[in-house]
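J.: Protein chains in written order, with the UniProt record's numbering: chain Y, 1 to 325; chain G, 1 to 400.
Glycine is no exception: its CB is placed at the ideal position from the N, C-alpha and C atoms.
These numbers come from a predicted model, not from an experiment.
The structure follows.
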Amino acid sequence: MDQNNSLPPYAQGLASPQGAMTPGIPIFSPMMPYGTGLTPQPIQNTNSLSLLEEQQRQQQQQQAQQQQQQQAQQQQQQQAQQQAVAAVQQSTSQQATQGASGQTPQLFHSQTLTTAPLPGTTPLYPSPMTPMTPITPATPASESSGIVPQLQNIVSTVNLGCKLDLKTIALRARNAEYNPKRFAAVIMRIREPRTTALIFSSGKMVCTGAKSEEQSRLAARKYARVVQKLGFPAKFLDFKIQNMVGSCDVKFPIRLEGLVLTHQQFSSYEPELFPGLIYRMIKPRIVLLIFVSGKVVLTGAKVRAEIYEAFENIYPILKGFRKTT
Amino acid sequence: MPGGGRCPDCGSTELVEDSHYSQSQLVCSDCGCVVTEGVLTTTFSDEGNLREVTYSRSTGENEQVSRSQQRGLRRVRDLCRVLQLPATFEDTAVAYYQQAHRHAGIRAARLQKKEVLVGCCVLVTCRQHNWPLTMGTVCTLLYADLDVFAGTYMQIVKLLGLDVPSLCLADLVKTYCSSFKLFQASPSVPAKYVEDKEKLLSRTLQLVELADETWLVTGRHPLPVITAATFLAWQSLQPSARLTCSLARFCKLADVDLPCPLAWLQVLGLDRRSVVKHIGDLLQHRRTLVRKAFRDGTAEQEAGEKELQGRGQGPGQGNEEVAASSSLRLPEGKRPASPALLLPPCMLKPPKRICPPPPISTVTGDEDISDSEIEQYLRTPQEVRDFQKAQAATGLSNPP
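In structure tokens:
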């Protein structure tokens with residue numbers, strides 16, 4: 001391997017990782033993957049996003065319809081109200097199918113960002129694909145996994161644009177804690193959306209704990225409003241999502257030893273240190289934590305599509321390590 | 001000498017540049033009168049070439065091996081000798097250490113990290129030669145924290161772009177089992193506990209291989225699994241005499257650290273006695289049994305999945321007895337009543353807390369924020385006064 005070229009000549013012949021990779025005794029021979037190729041073949045970015053948006057829109061509609069049915073059946077007393085609500089929901093979902101824009105702000109967002117997080121990971125609706133743009137799949141027989149990762153945490157930053165006196169903030173706000181000996185920022189929490197913010201004296205703020213991009217933005221605005229009410233000329237400049245964390249479950253056990261052997265250049269698996277395998281995907285640049293139970297954690301994304309794309313890339317690889325002889 | 005300069009005293013033109021110590025002066029060579037004198041002090045820019053340079057900015061560190069690097073290389077050789085590694089390993093480890101030292105981040109690291117780096121280089125060398133050295137051993141020898149070791153190890157593997165193969169289980173079993181003090185009678189080891197090394201080794205190897213196939217090794221620290229396998233193998237070789245010996249006692253008399261209690265060993269305790277007696281037969285027929293278990297397991301799993309799909313349950317229901325006992329099923333074919341699925345134990349345990357799916361939120365991020373909502377987070381003036389009084393009373397105010 002190339003890494004050993006810088007070793008002195010007497011060490012080169014001895015440090016032979018190629019030979020060292022195969023175990024001495026063939027008892028622990030790895031399972032070979034089912035020919036899906038070594039490097040994850042990503043589906044093109046825009047296509048996968050449209051695919052998933054379509055999937056989510058369908059699920060949203062079906063969810064909305066389900067909710068309508070439940071409400072109509074269960075609560076007879078408030079039937080009039082329920083029907084009104086159902087009518088509103090029906091109209092918005094109809095607008096979604098027709099692709100009309102501008103009438104509800106909700107719809108505008110769902111065209112650019114996927115607004116609603118999807119419920120759970122159990123694939124209740126197998127996805128009948130009616131894609132809006134032609135798809136060029138990487139491998140001809142590949143299909144969408146039907147599992148959508150759920151977002152668990154969003155980290156964002158914003159600049160309030162003015163210097164802050166942290167002592168005053170800690171004194172006059174109920175939800176703030178400030179211990180300068182431990183950390184040089186005020187830690188503030190709000191209940192809705194349930195988030196935590198670190199507010200620094202320079203006026204910069206970090207907001208963590210939200211479950212979606214919009215919630216993170218709303219929470220950051222609420223913190224800025226609190227700081228404003230405390231008497232500082234706070235603004236809302238350069239809001240940026242820095243990190244997104246998602247998780248999902250493929251529902252079958254994974255042979256981590258096999259995966260680290262075939263994808264050695266991307267994987268790091270040290271059971272003495274951590275029970276999961278750390279997979280550093282190059283495109284998109286996402287880090288995945290893969291566990292033997294089939295649970296996968298994806299982190300390092302700046303946009304939601306990167307998480308979805310990374311999962312679609314890893315799913316065929318994981319499927320290859322599913323069956324054991 | 002210089003044109004146009006005249007001594008104010010005698011009027012001669014013979015002016016000489018002469019310094020009085022560090023002060024430059026223009027002196028008349030006839031009468032000795034000082035015509036002009038320079039400043040005593042020099043400016044920062046004047047001193048540009050005369051200032052002291054720090055070691056890190058000089059070329060010294062490129063030309064010679066620094067003292068800390070020399071110390072580190074000595075430590076690497078010492079560690080290799082303590083571990084009784086072959087001589088070739090020493091050279092490889094030294095080369096890795098030198099390679100690491102070429103990176104500025106390592107050169108400027110704390111001494112604690114450089115100490116741990118010694119262990120990392122030795123560990124990488126051993127792994128590449130399939131020499132079974134565990135991180136725990138290295139940390140014990142270096143008196144280092146496993147967390148610090150882990151961080152440095154991951155960093156150095158990434159920095160040097162090393163290809164480090166996984167720990168070889170078979171070799172680890174051999175070396176670890178050989179360290180058990182069970183092969184000779186002694187005051188602490190009664191005669192009936194003494195065991196033949198080869199027999200114990202081969203049986204332990206088979207048990208560990210079986211555990212690997214049935215999902216008991218993936219994701220876990222290998223050493224506790226090997227300890228438990230050795231214990232079972234040792235017991236099964238003379239069940240009548242040894243069934244009464246507990247795992248803790250076994251570890252003490254074998255002079256080995258007791259690993260954290262394994263969940264699967266505790267579960268196995270349910271029918272441990274019967275299993276131990278049959279381990280010999282089970283290992284003989286293990287390949288057939290495992291294949292059968294997997295085949296039946298997947299068939300039952302698929303059937304169960306189809307049944308339960310309507311109810312939306314996942315395939316995680318198994319009996320409480322874990323894969324270990326199901327794979328070590330008695331050869332007479334006595335099956336547990338419900339289908340036993342061969343899955344990692346973490347998948348068979350009921351989840352600790354069921355995470356409800358989050359409600360679909362219709363937040364846009366641009367909604368209006370009501371004043372009352374923000375007011376709830378602000379203290380009233382009375383509260384502020386009370387808080388300040390309380391702080392003053394307890395003297396616990398935070399200085400800025």
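Relative to the ligand GDP, is the shortest distance from any of its heavy atoms to the C-beta of Thr204 (chain G) smaller than 6 Å?
T.: Among the ligands in the structure shown, none appear at all, so the ligand GDP cannot be discussed.
J.: Let me check understanding here. Comparing Cα to Cα, which of G:Leu343, G:Leu342, G:Cys168 and G:Asn49 lies closest to Thr134 (chain G)?
T.: Selected option, being the one with the closest Cα: G:Cys168.
J.: With a Cβ-Cβ cutoff of 7 Å, do Pro275 (chain Y) and Gly219 (chain G) count as a contact?
T.: Yes. Within cutoff.
J.: Determine, using beta-carbon pairs with one atom in the region 305-324 of chain Y and one in the region 7-21 of chain G, whether at least three such pairs fall under 8 Å.
T.: Contact fails: fewer than three Cβ-Cβ distances are below 8 Å.
J.: So the alpha helix (DSSP H) Val118 (chain G) belongs to, where does it begin and stop?
T.: Element bounds for Val118 (chain G): Leu111 to Gln128.
J.: Tell me whether the beta-carbon of Ala220 (chain Y) lies closer than 7 Å to the beta-carbon of Leu160 (chain Y).
T.: Contact flag unset, no.
J.: Using the rule of at least 16 other Cβ atoms within 10 Å of the residue's Cβ for burial, across every protein chain shown, is Ala108 (chain G) buried or exposed?
T.: With fewer than 16 other Cβ atoms within 10 Å, it is exposed.
J.: Tell me the residue span of the alpha helix (DSSP H) that contains Asp171 (chain G).
T.: Leu169 to Ser178 is the extent of the alpha helix (DSSP H) around Asp171 (chain G).
J.: Out of G:Ala248, G:Glu195, G:Cys251 and G:Glu52, point me to the one whose CA is closest to Trp234 (chain G)'s CA.
T.: Of the listed residues, the one whose Cα sits closest to Trp234 (chain G) is G:Glu195.
J.: Suppose contacts are defined by Cβ-Cβ distances below 7 Å. Is Val27 (chain G) in contact with Val39 (chain G) by that definition?
T.: Against a cut-off of 7 Å, the Cβ pair of Val39 (chain G) and Val27 (chain G) comes out as no contact.
J.: In angstroms with no decimal places, state the Cα-to-Cα distance between Thr227 (chain G) and Leu283 (chain G).
T.: Distance between the alpha carbons of Thr227 (chain G) and Leu283 (chain G) is about 18 Å.
J.: Helix or strand or just coil, what does DSSP make of Gln238 (chain G)?
T.: Coil at Gln238 (chain G), not helix or strand.
J.: Nearest to Val225 (chain G) by alpha carbon, out of G:Val173, G:Thr43, G:Ala293 and G:Thr394?
T.: Of the listed residues, the one whose Cα sits closest to Val225 (chain G) is G:Val173.
J.: At the 7 Å Cβ level, is Tyr377 (chain G) part of the contact set with chain C, yes or no?
T.: In the displayed structure, chain C is absent; the protein chains listed are Y and G.
J.: Rounded to the nearest angstrom, what separates Met244 (chain Y) and Gly300 (chain Y) at their Cα positions?
T.: Cα to Cα, Met244 (chain Y) sits roughly 6 Å from Gly300 (chain Y).
J.: Name, please, each residue of chain Y whose Cβ falls closer than 9 Å to the Cβ of Ile369 (chain G).
T.: Near Ile369 (chain G) (Cβ distances below 9 Å), the residues of chain Y are Leu218, Arg221, Lys222 and Arg225.
J.: Measuring alpha carbon to alpha carbon, tell me which residue in G:Arg291, G:Cys245, G:Leu348 and G:Gly280 is nearest Lys251 (chain Y).
T.: Closest by alpha carbon: G:Leu348.
J.: Assuming contact is defined by CB atoms lying nearer than 7 Å, are Phe311 (chain Y) and Pro149 (chain Y) in contact in what I supplied?
T.: The answer is yes: Cβ separation under 7 Å.
J.: Taking 7 Å as the threshold (C-beta atoms), are Gly246 (chain Y) and Leu151 (chain Y) in contact?
T.: Going by C-beta atoms, Leu151 (chain Y) is nearer than 7 Å to Gly246 (chain Y).
J.: Suppose the cutoff is 6 Å on Cβ atoms and the five residues either side in sequence are ignored; what does the same chain contact list for Thr208 (chain Y) look like?
T.: Once the five neighbours on either side are set aside, the close Cβ partners of Thr208 (chain Y) are Val155 and Thr196.
J.: Applying the 10 Å Cβ sphere with the 16-neighbour rule, what's the burial state of Val94 (chain G)?
T.: Buried.
J.: What residue range is occupied by the uninterrupted alpha helix (DSSP H) comprising Asp371 (chain G)?
T.: Per DSSP, Asp371 (chain G) belongs to the alpha helix (DSSP H) from Asp371 to Glu375.
J.: Report yes if the CB atom of Thr364 (chain G) is closer than 7 Å to the CB atom of Glu214 (chain Y), and no otherwise.
T.: Yes, the Cβ-Cβ distance between Thr364 (chain G) and Glu214 (chain Y) is below 7 Å.
J.: 7 Å is my cut-off, CB to CB: does Pro224 (chain G) come that close to chain Y?
T.: It does not: the Cβ of Pro224 (chain G) has no partner Cβ on chain Y nearer than 7 Å.
J.: May I ask you to report which of helix, strand or coil DSSP gives Ala116 (chain Y)?
T.: The predicted position of Ala116 (chain Y) is uncertain, since its pLDDT is 43 and thus under 50; a value taken from the coordinates is nonetheless stated next. Coil, per DSSP.
J.: Taking 7 Å as the CB-CB cut-off, is residue 413 (chain G) touching chain Y?
T.: Residue 413 (chain G) is absent from the model: chain G starts at 1 and stops at 400.
J.: So, under 8 Å CB-CB, residue 368 (chain Y) and Thr157 (chain Y) are touching, yes? Tell me the CB distance rounded to an integer number of Å.
T.: Examination of residue 368 (chain Y) is not possible in this model, given that chain Y is present from 1 through 325 alone.
J.: Rounded to the nearest angstrom, what separates Arg286 (chain G) and Leu210 (chain G) at their Cα positions?
T.: The alpha-carbon atoms of Arg286 (chain G) and Leu210 (chain G) are separated by roughly 8 Å.
J.: If you draw a straight line from the C-alpha of Ser127 (chain Y) to the C-alpha of Gly146 (chain Y), how long is it?
T.: Reliability fails at Ser127 (chain Y), whose pLDDT of 45 lies under 50, so the model's placement of it is uncertain and the value that follows must be treated cautiously. Rounded to the nearest angstrom, the two C-alpha atoms are 7 Å apart.
J.: Against Thr218 (chain G), what residues of chain Y qualify as contacts under a CB-to-CB distance less than 7 Å, listed in chain order?
T.: Arg255, Leu256, Glu257 and Val292, listed in chain order.
J.: Please identify, using Cβ separations under 9 Å, the residues of the region 149-174 of chain G that lie next to chain Y, in order along the chain.
T.: Per Cβ criterion, the list reads Phe149, Ala150, Tyr153, Met154, Val157, Lys158, Leu160, Gly161, Leu162, Asp163, Val164, Pro165, Ser166, Leu167, Cys168, Leu169, Ala170 and Asp171.
J.: Could one say the Cβ of Leu133 (chain G) lies closer than 7 Å to chain Y's Cβ atoms, at least one of them?
T.: No, Leu133 (chain G) lies away from the interface with chain Y (no Cβ there is under 7 Å from its Cβ).
J.: Counting only C-beta atoms, is His285 (chain G) closer than 7 Å to chain Y at any point?
T.: Not closer than 7 Å to any Cβ of chain Y, the Cβ of His285 (chain G) fails to qualify, so no.
J.: Counting only C-beta atoms, is Gln215 (chain Y) closer than 7 Å to chain G at any point?
T.: At least one chain G Cβ lies under 7 Å of Gln215 (chain Y).
J.: My output table needs one value for Tyr223 (chain Y): the three-state DSSP class, helix, strand or coil.
T.: If DSSP states are grouped into helix, strand and coil, Tyr223 (chain Y) belongs with the helices.
J.: In whole angstroms, give me the CA-to-CA distance for Thr168 (chain Y) and Ala234 (chain Y).
T.: Spanning the two alpha carbons is a distance of roughly 14 Å.
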